[in-house]
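Asks: Be aware that the sequence shown starts at 1, since it is given in full-length UniProt numbering, and climbs by one per residue.
Sharing a structure, written as structure tokens. Questions coming.
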Amino acid sequence: MSKISLQGVVKGKVQGVGFRQATVRRAVKLGVDGWVRNTDDGAVDVLICGDEAAVEAMAAWLSTGPTQARVDSVAFSSCAWQDIAGFVQL
């Protein structure tokens, strides 16, 4: 399987609603590595690394997020492979 890394920004009502915690749970379920963190402007930054299909599934989930969140926009870009073990909330 091909391994890829995506870095992205999720905007909307994504802070104060358990978005990062839900992201960690979903990432572990899908078997992807990386991190998620809040930004000062109210968005969430995310890095996803792993098998292409799992990374794409994670990116698709992030476009809607958990039920208590409201995702207005998601922007992803490919980035250099980062050999990270596990998925953490920063």
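Glycine included, each C-beta is placed from N, C-alpha and C at the ideal position.
Everything numeric in this text was worked out from a predicted model, so none of it was measured.
Helix, strand or coil: which one does DSSP assign to A57?
Replies: Walking along the sequence shown from the start, residue 57 turns up at place 57. Correct three-state label for A57: helix.
Asks: Over what stretch of residues does the beta strand (DSSP E) that includes V9 continue unbroken?
Replies: Position 9 of the sequence shown, counted from the first residue, corresponds to residue 9. Note, V9: beta strand (DSSP E), K3 to K13.
Asks: For A27 and Q21, I'd like the C-alpha separation in whole angstroms.
Replies: As a first step, residue 27 is located in the sequence shown; it is residue number 27 there, counting from the start. As a first step, residue 21 is located in the sequence shown; it is residue number 21 there, counting from the start. Using only the alpha carbons, I get a separation of about 10 Å.
Asks: Taking C-beta to C-beta, are V44 and V88 nearer than 9 Å?
Replies: To locate residue 44, count along the sequence shown from 1; it is residue 44. To locate residue 88, count along the sequence shown from 1; it is residue 88. No, these two residues do not count as a Cβ contact at 9 Å.
Asks: Could you say which of R70, A85, A80 and G86 lies nearest to K13 if we only look at CA atoms?
Replies: Here residue 13 refers to the residue found at position 13 of the sequence shown. The shortest Cα separation from K13 among R70, A85, A80 and G86 belongs to R70.
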